[in-house]
Amino acid sequence: MDTYLCPACYNTCDFISLPLQLENADEALESLHAVTYYDGVIKEMIHTCKYESVRGVCECLGDFLYYATDFQNIDLITAVPLHKKRLAERGFNQAEVVAEKYAERMQLPFERILERTVYTTPQASITERQERQQNITGCFSLLTEAEIEIRNKNILIIDDVTTTGATLAECAKVLRAAGAARVSGLVISHGN
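Printed below as a string of structure tokens:
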């Protein structure tokens, strides 16, 4: 890993060893794994990616995911998309940069498969679980320009943070409806 995460800071991370068991889990999302809890240095790094647009930190977090996980039987990696308006505000999709680096390390293809069709209130600003689910329902579709065949593929979808799993579950529904065999989720952190 590079200088964005020194060994001393790495050792302060609060790692999660088992898949998350979320109450709002949907069967379209086979499993959801988070590497750490959303606090400390990892929280600061994610904040730097999202709000300060430091691409190198995102790449470092992609390496972090690679060294902290061991996924098998994945055919394709993708990321939770941002709406075009939010993408214009931020300059890049931090989850996509993390996922691209992770895919590079895993020697697997990364593809943009999904698009966010509805501009919503950021999930982080909504405290009620049911409201989070309602906020994200129906917001994703297959990207019309995507030329990748996903039928019968095992897909790993990456995001930076999850709380309820609602966003990843919505993405998984779209991918499964398009014929994906299995959809798993991987996030850097799990927040409350």
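So the number in our numbering is just where the residue sits in the sequence shown, counting from 1, plus 522.
All C-beta atoms, glycine included, are put in the ideal place defined by N, C-alpha and C.
Continuous alpha helix (DSSP H) stretch holding residue i: start and end
i, result
"T689", "688 to 699"
"A702", "It is not in any alpha helix (DSSP H) - A702 carries neither H nor E in the DSSP assignment."
"D585", "577 to 590"
N- and C-terminal bounds of the beta strand (DSSP E) containing residue i
i, result
"Y573", "That residue, Y573, is in no beta strand (DSSP E); its alpha helix (DSSP H) goes 562 to 574."
Beta carbon of residue i nearer than 8 Å to that of residue j
i, j, result
"G713", "L554", "no"
"G562", "C535", "yes"
"A601", "I680", "yes"
"V705", "A550", "yes"
"T639", "I658", "no"
"P603", "E626", "no"
"K607", "Y573", "no"
Sequence-distant residues of the same chain with beta carbon closer than 6 Å to residue i, five excluded per side
i, result
"N533", "none"
"I670", "E633"
"F537", "T558"
C-alpha gap between residue i and residue j, whole angstroms
i, j, result
"D682", "I672", "23 Å"
"A621", "F632", "7 Å"
"V696", "H605", "16 Å"
"M523", "R577", "Note that M523 scores 45 on pLDDT, short of 50, meaning its location in the model is unreliable; the coordinates nonetheless yield the value given after this. Their backbone Cα atoms lie some 15 Å apart in a straight line."
"C693", "S663", "8 Å"
Presumed contact (8 Å Cβ cut-off) between residue i and residue j, rounded CB distance
i, j, result
"Q616", "C580", "5 Å"
"F593", "L678", "6 Å"
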